[in-house]
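Peer 1:
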Amino acid sequence: MSGFEISYREMIELAQEGVWVLDANGLTVFVNQALCDMLGFAQDEMMGASVFSFMSEEWLPEGMRKLERRRSGIIEHFDFQFQRKNGSPLWAIVSAKPMYDEQGRYWGAVGMLNDITERKLAEDAVQQTTNELKHLFQMIPACIYKYRLEDEKLIYLSDSWEQLTGLPREAMLADSRYYMQFLDEGEETRRNNALIYEAMSRLEPYGVTQILHSPLRGTRHTYVSARPAREDGKVYYYGTVIDITQQRLAEEERRLLSMALEQSAEGIVVFNADGSAKYANRGWETLSGQEREAALGRKLTELIGSGNPAACSDAIWQAVLQGDIWRGNFVMERASGEQVELHTTMSPVHDAAGRISHGVLVQSDITHELNLERQLRQSERLGSIGQTITGVAHNLKNILIALRGSTAMLDKEIELASLHDGGTIWNVFKRNLERLAALAETMLDYSRMESLQLASHNLNDLVREIMEQTSHHPRFSHIKFAVRLDDKIPPLLCDKEKIYGAILNLLINAADASKPGRMVEISTHLNAEQETCILDVADSGSGIPAENLSKIFDPFFTTKGTDGMGMGLPLTHKVIHEHGGSITVESKPGRTIFSITLPLSQSMQPAPGHGEVEISGKKQQTTSSGVIG
1096 MSGFEISYRE MIELAQEGVW VLDANGLTVF VNQALCDMLG FAQDEMMGAS VFSFMSEEWL
1156 PEGMRKLERR RSGIIEHFDF QFQRKNGSPL WAIVSAKPMY DEQGRYWGAV GMLNDITERK
1216 LAEDAVQQTT NELKHLFQMI PACIYKYRLE DEKLIYLSDS WEQLTGLPRE AMLADSRYYM
1276 QFLDEGEETR RNNALIYEAM SRLEPYGVTQ ILHSPLRGTR HTYVSARPAR EDGKVYYYGT
1336 VIDITQQRLA EEERRLLSMA LEQSAEGIVV FNADGSAKYA NRGWETLSGQ EREAALGRKL
1396 TELIGSGNPA ACSDAIWQAV LQGDIWRGNF VMERASGEQV ELHTTMSPVH DAAGRISHGV
1456 LVQSDITHEL NLERQLRQSE RLGSIGQTIT GVAHNLKNIL IALRGSTAML DKEIELASLH
1516 DGGTIWNVFK RNLERLAALA ETMLDYSRME SLQLASHNLN DLVREIMEQT SHHPRFSHIK
1576 FAVRLDDKIP PLLCDKEKIY GAILNLLINA ADASKPGRMV EISTHLNAEQ ETCILDVADS
1636 GSGIPAENLS KIFDPFFTTK GTDGMGMGLP LTHKVIHEHG GSITVESKPG RTIFSITLPL
1696 SQSMQPAPGH GEVEISGKKQ QTTSSGVIG
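In our numbering, the protein residues as written are 1096 to 1724.
1) Put Met-1441 into one of helix, strand or coil per three-state DSSP.
2) Under the three-state reduction of DSSP, which class applies to Phe-1277: helix, strand or coil?
3) In terms of DSSP beta bridges, what is Asn-1424 paired with?
4) Any contact between the stretch 1680–1687 and the stretch 1616–1626? By contact I mean 3 or more CB pairs, one from each, below 8 angstroms.
5) Taking the alpha helix (DSSP H) that His-1668 falls in, what are its first and last residues?
6) Tell me where the beta strand (DSSP E) around Leu-1456 begins and ends.
7) If distances are taken between C-alpha atoms only, which option among Thr-1619, Pro-1569, Gln-1564 and Arg-1613 comes closest to Asp-1582?
8) I need the straight-line Cα distance from Met-1662 to Lys-1669, nearest angstrom please.
9) For Asn-1424, count the other beta carbons within 10 Å of its own beta carbon; 16 or more makes it buried, fewer makes it exposed. Which is it?
10) Going residue by residue through the stretch 1274–1342, where are the continuous beta strand (DSSP E) segments of at least 3 residues, counting only ones entirely within it?
11) Taking Cβ positions, are Trp-1115 and Leu-1130 nearer each other than 7 angstroms?
12) To the nearest angstrom, how far is it from the Cα of Gln-1434 to the Cα of Met-1427?
13) Taking DSSP's pairing of strands, which residues face Phe-1125 in a bridge?
14) Flag this pair as yes or no: are the beta carbons of Leu-1554 and Ile-1603 separated by less than 7 angstroms?
15) Can you tell me the Cα-Cα spacing of Gln-1128 and Tyr-1333, whole angstroms?
16) Could you check where the alpha helix (DSSP H) with Ala-1633 kicks off and where it finishes?
17) By alpha-carbon positions, which one of Phe-1177, Ser-1635, His-1445 and Ala-1597 ends up nearest to Gly-1612?
18) Which one or two residues does DSSP pair with Glu-1171 in a beta bridge?
19) So, Leu-1268 versus Leu-1252, is the Cβ gap smaller than 7 angstroms?
20) May I ask you to report which of helix, strand or coil DSSP gives Trp-1202?
21) Quick test of the definition: if touching needs 3 or more C-beta pairs under 8 angstroms, does the stretch 1352–1359 touch the stretch 1321–1330?
22) Based on the DSSP output, what are the partners of Cys-1589 in its beta bridges?
23) With C-beta atoms as the reference, is Leu-1630 less than 7 angstroms away from Tyr-1595?
24) Taking C-beta to C-beta, are Ser-1320 and Thr-1260 nearer than 7 angstroms?
25) Distance check for Cys-1238 and Gln-1223, CA to CA, integer angstroms please.
26) Report the partner residues of Gly-1362 according to the DSSP bridge assignment.
27) Span of the beta strand (DSSP E) holding Leu-1693?
28) With H, G and I counted as helix, E and B as strand and the rest as coil, what does DSSP make of Gly-1721?
29) Leaving out the 5 sequence neighbours to the left and right, which residues in its chain are closer than 8 angstroms to Met-1159 when beta-carbon positions are compared?
30) According to DSSP, is His-1620 part of a helix, a strand, or is it coil?
31) By DSSP, does Arg-1393 sit in helix, in strand, or in coil?
32) At the level of alpha carbons, what is the spacing between Pro-1640 and Gln-1358?
33) Quick check: the Cα distance between Leu-1580 and Lys-1591, rounded to an integer number of angstroms?
34) Note down the Cα distance separating Gln-1716 from Glu-1436, rounded to an integer number of angstroms.
35) Per DSSP, which one or two residues make a beta bridge with Ser-1758?
36) Which residue or residues does DSSP assign as beta-bridge partners of Asp-1210?
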């Protein structure tokens, strides 16, 4: 070798670039140390080896194509992936050119290689990250956008815009105001648009809700938020659009449920898993007569009423913890002292995992319904009794006619025979005979359906007339009367004699139940709203035992023994009902009130049977017995 050739070869050996010389068949005829270091082979391992043995199967076709281009005389620069001895990839920038002999025939190729593996791996990582982010942007429910403030231009809008809104993405990129024609025209939209413009004028972030009426997606609720950023001296807003339609619908559903709970007539209490009350609605306030705050933190035993056994509440809660629904009735005493009967349902509430997280108590006031049920049974019972009484009374009356004829003849015989002792006994017999006749007449009065002798009468005048006649009667001499009359009561259409008798029956019962010196109160008042007038008779006697309250209007029921026939209250009830009215009774020890309600209108059409009776009392507190006529 000449000195020049030796120096040239040394320069190639010392070069940082890899030098690779191939013959016409692609076999290696020279490599420098730099290339050997890049691939991890020794020079003698590479010499004579095909260039294709340093490529992976994936890149082999591309390597063949590149070598063919050298044979075609093409000089080029390109990135290529080789395979190192350890199997790892070697990325290199290749500058390749063909070589020819003195006769101009293709002799081979020479290539200069620079290792760019690290750069290429970094670029691939960046590209992969970019692809992943792009894929992520497409997958997330939010739409991402970039907006240039200077010319109000959308620079970028993710594909999810169309899925979210149903509006074309290209139309938005062409005109950022395109979507505004689909915005709701309500006050909320105007207010939120003003907030966006104000924030942009101050280069501040914003976040508002918008309602879109999309031709394809219907009404969509969205949340739009963005923050400003400076790039190249210009202001851009990077933002997101999120579909909150389901959230808004859920919020509206929760709002409606909350309103329904609050406005429900039923009392509703929600309990935590530990059995303490967490929530009570207005219905519970109405049922209990207490503020809802009084329920919070309290246990079921405390809320269902002291009159109900604690064991019952324990059984209810155990049923809830087992996932069962409990149903039953309770008696609750309101804060006012009034008792109400409640139908109660206790249900479990499960969380997303299926665990019981809460219990819900629902209570309905069924006092009125139960009273109607009792009234229906009372009417059916009284109707049956009325038919029986009619037959019995007629038979008694026939027997009495014969007995009275016989007594008339016996009277003459006793008078002629001067049987003075026998006459005394006979007089006792005749008095009892008259009582029997009176009973028969009373039974017939109760059972017969007579037409009322209606005329216009003032209820207060009837009371005054009764008081005038009873004030000197020995049966009322042991009591005092307190009379309060409402002068606003107008005349009403009624049968004077029957109403007179009904009121007198109540006064007799009140007097019989009162101890000497006690007060019997009689009062009237007008209920203009319901177009009725009400008469109350109250005594301060021992009260009516709870077990007798449902029987007092039954014929022949009495606690007076031989002093009463048990027909006074049944007749009173019948008369009031025939006038289209009602009679109620409330009783507890030391206080009994009978209330008669009569309509002011002339339309009086009583239902079949013997009317309605509403009975209430302090069942838990009534311990002593009263006197009933």
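Don't be surprised by glycine CBs; every beta carbon is placed ideally from N, CA and C.
Peer 2: Here's the rundown:
1) Here residue 1441 refers to the residue found at position 346 when the sequence shown is read from its first residue. Taken through DSSP and simplified to helix, strand or coil, Met-1441 comes out as strand.
2) Here residue 1277 refers to the residue found at position 182 of the sequence shown. Of the three classes helix, strand and coil, the one that applies to Phe-1277 here is helix, per DSSP.
3) Here residue 1424 refers to the residue found at position 329 when the sequence shown is read from its first residue. Answer by DSSP bridge pairing, in chain order: His-1438.
4) Contact between the stretch 1680–1687 and the stretch 1616–1626 is absent, because fewer than three Cβ pairs lie under 8 angstroms.
5) Working through the sequence shown from its first residue, we reach residue 1668 at position 573. That run of the alpha helix (DSSP H) goes 1663–1673.
6) For the purposes of this step, residue 1456 is taken as residue 361 along the sequence shown, with counting starting at 1. Unbroken beta strand (DSSP E) run through Leu-1456: 1451–1460.
7) Here the question's residue 1582 lines up with position 487 in the sequence shown. If we check each option's Cα against that of Asp-1582, Thr-1619 comes out closest.
8) The residue given as residue 1662 occupies position 567 in the sequence shown. The residue given as residue 1669 occupies position 574 in the sequence shown. The straight-line gap separating the alpha-carbon atoms of Met-1662 and Lys-1669 is approximately 11 angstroms.
9) As a first step, residue 1424 is located in the sequence shown; it is residue number 329 there, counting from the start. So Asn-1424 ends up on the exposed side.
10) Within the stretch 1274–1342, the complete beta strand (DSSP E) runs of at least 3 residues are 1301–1309, 1313–1326 and 1329–1338.
11) Within the sequence shown, residue 1115 is the residue found at index 20, counting from 1. Within the sequence shown, residue 1130 is the residue found at index 35, counting from 1. Yes, Cβ-Cβ distance for Trp-1115 and Leu-1130 is below 7 angstroms.
12) Indexing the sequence shown from 1 puts residue 1434 at position 339. Indexing the sequence shown from 1 puts residue 1427 at position 332. Approximately 6 angstroms between the Cα atoms of the pair.
13) Residue 1125 sits at position 30 when you count from the first residue of the sequence shown. DSSP lists Val-1116 as partners of Phe-1125.
14) On the sequence shown, position 459 is the one that residue 1554 refers to. On the sequence shown, position 508 is the one that residue 1603 refers to. The Cβ atoms of Leu-1554 and Ile-1603 lie no closer than 7 angstroms to each other.
15) Taking the first residue of the sequence shown as position 1, residue 1128 is located at position 33. Taking the first residue of the sequence shown as position 1, residue 1333 is located at position 238. Distance from the CA of Gln-1128 to the CA of Tyr-1333, rounded to the nearest whole angstrom, comes to 52 angstroms.
16) Counted from its first residue, the sequence shown places residue 1633 at position 538. Per DSSP, Ala-1633 belongs to no alpha helix (DSSP H); it is in the beta strand (DSSP E), 1627–1634.
17) On the sequence shown, position 517 is the one that residue 1612 refers to. The shortest Cα separation from Gly-1612 among Phe-1177, Ser-1635, His-1445 and Ala-1597 belongs to Ser-1635.
18) Taking the sequence shown and counting its residues from 1, one reaches residue 1171 at position 76. In the DSSP secondary-structure assignment, Glu-1171 is bridged to Ala-1191.
19) Here residue 1268 refers to the residue found at position 173 when the sequence shown is read from its first residue. Here residue 1252 refers to the residue found at position 157 when the sequence shown is read from its first residue. Against a cut-off of 7 angstroms, the Cβ pair of Leu-1252 and Leu-1268 comes out as a contact.
20) Here the question's residue 1202 lines up with position 107 in the sequence shown. The answer is strand: DSSP assigns Trp-1202 an E or B state.
21) Counting C-beta pairs closer than 8 angstroms gives fewer than three between the stretch 1352–1359 and the stretch 1321–1330, which falls short of the contact rule.
22) On the sequence shown, position 494 is the one that residue 1589 refers to. Partner(s): Ala-1550.
23) Against the sequence shown, residue 1630 aligns to sequence position 535. Against the sequence shown, residue 1595 aligns to sequence position 500. Judged by beta-carbon spacing, Tyr-1595 lies beyond the 7 angstroms limit of Leu-1630, meaning their Cβ atoms are not closer than that value.
24) As a first step, residue 1320 must be located in the sequence shown, where it is residue number 225. As a first step, residue 1260 must be located in the sequence shown, where it is residue number 165. For Ser-1320 and Thr-1260, no; Cβs fall outside 7 angstroms.
25) For the purposes of this step, residue 1223 is taken as residue 128 along the sequence shown, with counting starting at 1. For the purposes of this step, residue 1238 is taken as residue 143 along the sequence shown, with counting starting at 1. Their backbone Cα atoms lie some 21 angstroms apart in a straight line.
26) For the purposes of this step, residue 1362 is taken as residue 267 along the sequence shown, with counting starting at 1. For Gly-1362, the beta-bridge partners assigned by DSSP are Gln-1458.
27) Counting from 1 along the sequence shown, the entry for residue 1693 is found at position 598. Going by DSSP, Leu-1693 is part of the beta strand (DSSP E) stretching over 1686–1694.
28) Here residue 1721 refers to the residue found at position 626 when the sequence shown is read from its first residue. Confidence at Gly-1721 is low in this model, with a pLDDT of 28, below 50, so the placement of that residue should be treated as unreliable; the coordinate-derived value is given next. Of the three classes helix, strand and coil, the one that applies to Gly-1721 here is coil, per DSSP.
29) For the purposes of this step, residue 1159 is taken as the residue at position 64 of the sequence shown. In its chain, beyond the 5 residues on either side, Phe-1147 have a beta carbon closer than 8 angstroms to the beta carbon of Met-1159.
30) Mapped onto the sequence shown, residue 1620 falls at position 525. It is a strand residue.
31) Your numbering for residue 1393 matches position 298 in the sequence shown. DSSP, reduced to helix, strand and coil, places Arg-1393 outside both helices and strands of the structure shown, so it counts as coil.
32) Here residue 1640 is taken as the residue at index 545 of the sequence shown, counted from 1. Here residue 1358 is taken as the residue at index 263 of the sequence shown, counted from 1. For Pro-1640 and Gln-1358, the distance between alpha carbons rounds to 38 angstroms.
33) The residue given as residue 1580 occupies position 485 in the sequence shown. The residue given as residue 1591 occupies position 496 in the sequence shown. Rounded to the nearest angstrom, the gap between the Cα atoms of Leu-1580 and Lys-1591 is 18 angstroms.
34) Position 621 of the sequence shown, counted from the start, is the residue given in the question as residue 1716. Position 341 of the sequence shown, counted from the start, is the residue given in the question as residue 1436. The predicted model places Gln-1716 with a pLDDT of 28, which falls under 50 and marks its position as unreliable, so this point remains unresolved.
35) The displayed coordinates of the chain run from 1096 to 1724. Any statement about residue 1758 would go beyond what the structure contains.
36) Numbered from 1 along the sequence shown, position 115 holds the residue referred to as residue 1210. DSSP lists Ala-1187 as the beta-bridge partner residues of Asp-1210.
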